[in-house]
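> By the UniProt record's numbering, the letter at position 40 of the sequence shown is numbered 40, and the numbering carries on one by one without gaps. Quick reminder that beta carbons are idealized off the backbone N, C-alpha and C, glycines included.
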Amino acid sequence: MSNKDKPTTPAEKLPASPATIHPEDRRINSKTLLGDSARVVIEHQGQEYLLRQTHAGKLILTK
Numbered sequence: 001m002s003n004k005d006k007p008t009t010p011a012e013k014l015p016a017s018p019a020t021i022h023p024e025d026r027r028i029n030s031k032t033l034l035g036d037s038a039r040v041v042i043e044h045q046g047q048e049y050l051l052r053q054t055h056a057g058k059l060i061l062t063k
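(1) Look up T62 in the DSSP assignment and say whether it is helix, strand or coil.
(2) Between E48 and V40, is the Cβ-Cβ spacing less than 8 Å?
(3) Report the rounded CA-to-CA distance for H44 versus G35, giving the unit in angstroms.
(4) Enumerate in chain order the residues of its own chain whose CB-to-CB distance from L33 is below 8 Å, with the five nearest sequence positions on each side excluded.
(5) Output the boundary residues of the beta strand (DSSP E) element that contains I42.
Shown next, in the form of structure tokens:
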């Protein structure tokens, strides 16, 4: 199988570029946003998203 026919795996894809943070961006502390439950539902354009904090302290946003 040649390289051009070889299927790509997620590890071979280019990494996503990090978000650019500007000084004028609004900041909200994650504890303020999540509260004591470590979860919050965000309504955006008629859709609901769940923002939750993992046991490792990472934030995950799911639809």
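The answer reads as follows:
(1) In the structure shown, T62 sits in a strand (DSSP, three-state: E or B).
(2) In this structure, E48 sits away from V40, with a CB-CB distance that is not shorter than 8 Å.
(3) Between H44 and G35, the C-alpha separation is close to 19 Å.
(4) Only V40 and L51 meet the Cβ criterion.
(5) Unbroken beta strand (DSSP E) run through I42: R39 to H44.
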